[in-house]
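If you're matching positions, the sequence shown starts at 1 in full-length UniProt numbering and goes up one per residue.
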Amino acid sequence: MGVQWKAFVDQISHYESFVLVSHIRPDCDALGSELGMAEVLRTIGKKVRIINAHRTPAALQFLDPAGNIEVLGDDVEAEDISADCIMILDTSAWAQLGDMGDVIRSSRADKIVLDHHVGEDELGATMYKDYQAEAAGHLVVQAADALGVPLTRSMSVPLFAAIATDTGWFRFGSVTPETYRVVARLVDAGVVPSEVYSDLYERDTLGRLRLRGLILSRTQSELDGALMHTHVEKEDFAKVGAEPNDTEDAINLTLAVQGTKAAVIFVGQIRGGFKLSFRSRCGMDCNEVARKFGGGGHKAAAGGFLEGTLDDVRGRVLPVVIEAVEKALAAE
């Protein structure tokens, strides 16, 4: 079931000020949704701040040329954050909110979630969710329509980037005819897809290129090639001159191998532990697998996190994934 937009509009009308927040390690869908929603709300006269727990990755700074996104602990302290409503975009999980989770818990503001992920925690918020939406950015376009706000170029660029990246540049199974209809409207509003693509994928650093080579060189296969897995340890970033966010989308490269049905990447975190990213091109439900490790997401793509060494984490995760892939292949 889709979002009940009348209820959403009615609730929005009760507030004058908003704080928008999304998940840690923000990607294009998180940032694009925040930036797009901020402009939508400002257009109808609301006061809006965007505050995240993690800084915007350098490679995605082009989405926020005016520097509207603030970072908790760097640009603003928790005690200085106040609003009538806190809106959480592109996540429904406490673990994904980082230090902003504590701010949300202690705030007396009303809370709203606008999200497309299946899993959710009890955030004490009114949930507006559409599990069929391919990106949170699409939901923001729908919110603009419901609020009677016309799309502008500055609004549409981050929203286009949100939808394009969360669909693997329109190649994932989540893409529908409606995806292209929405994207066409964003292009009509002034987005130049080739420019967004260039900003996203043709400004790599040498470190990012080297990191991807390292990731690919470590790729191993299981189940006669049906499952691929690889890893990055936290020390690797300094060795090749890369940043942690340079692993974004790297897992999808392993799916290019003929016969591959699923993939996992283990990414070492600076503070310890490993971020887990799962991808599926078969009946394996990535969200179901990820929830076993404190995460979640979509059927075809999800993530989680585990403390421990690489050998420990890999030893706990791979048997679960192998079993899930085997079941999926047996059912085909």
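Backbone N, C-alpha and C fix where the C-beta goes; we use that ideal spot for every residue, glycine too.
- Bounds of the beta strand (DSSP E) holding S280 are F274 to S280.
- Contact check for A109 against I88 fails: the beta carbons are separated by 8 angstroms or more.
- Take A250, set aside five residues on each side of it, and the residues of its chain with a beta-carbon closer than 7 angstroms to its own are R212, I215 and I265, in chain order.
- Here DSSP, grouped into helix, strand and coil, assigns N68 to coil.
- In this structure, DSSP gives V175 a state outside helix and strand, which the three-state scheme calls coil.
- Assignment of Q220 by DSSP, reduced to helix, strand and coil, places it in the strand class.
- Between V40 and L209, the beta carbon gap of about 37 angstroms keeps them out of contact (Cβ cut-off 8 angstroms).
- Within the model, the alpha-carbon separation for F18 versus L72 is close to 16 angstroms.
- Around L206, the same chain offers G241 as residues with beta carbons nearer than 8 angstroms, after the five sequence neighbours per side are excluded.
- Looking only at K299, R279, C282 and S280, the smallest Cα-Cα distance to E288 is reached by K299.
- The count of Cβ pairs closer than 8 angstroms, one atom from the stretch 223-243 and one from the stretch 22-42, stays below three, leaving the stretches out of contact.
- With contacts defined by Cβ atoms closer than 8 angstroms, H116 and A143 do not form a contacting pair.
- Bridge partners of S17 according to DSSP: K47.
- Excluding residues up to 5 positions away in sequence, K46, K47 and D84 lie with their Cβ nearer than 7 angstroms to the Cβ of E16 in the same chain.
- Under the three-state reduction of DSSP output, K6 falls in the helix class.
- Taking all protein chains shown into account, G36 has 16 or more neighbouring C-beta atoms within 10 Å of its C-beta and is therefore buried.
- Closest option to R281, judged by alpha-carbon separation, among D121, V267, A262 and L114: A262.
- Using a Cβ-Cβ distance cut-off of 8 angstroms, the stretch 153-161 and the stretch 26-35 are in contact, since at least three pairs of beta carbons, one from each stretch, lie closer than that value.
- Using a Cβ distance threshold of 8 angstroms, I81 and I51 count as a contacting pair.
- The stretch 50-69 makes no contact with the stretch 122-136; the number of CB pairs closer than 8 angstroms stays below 3.
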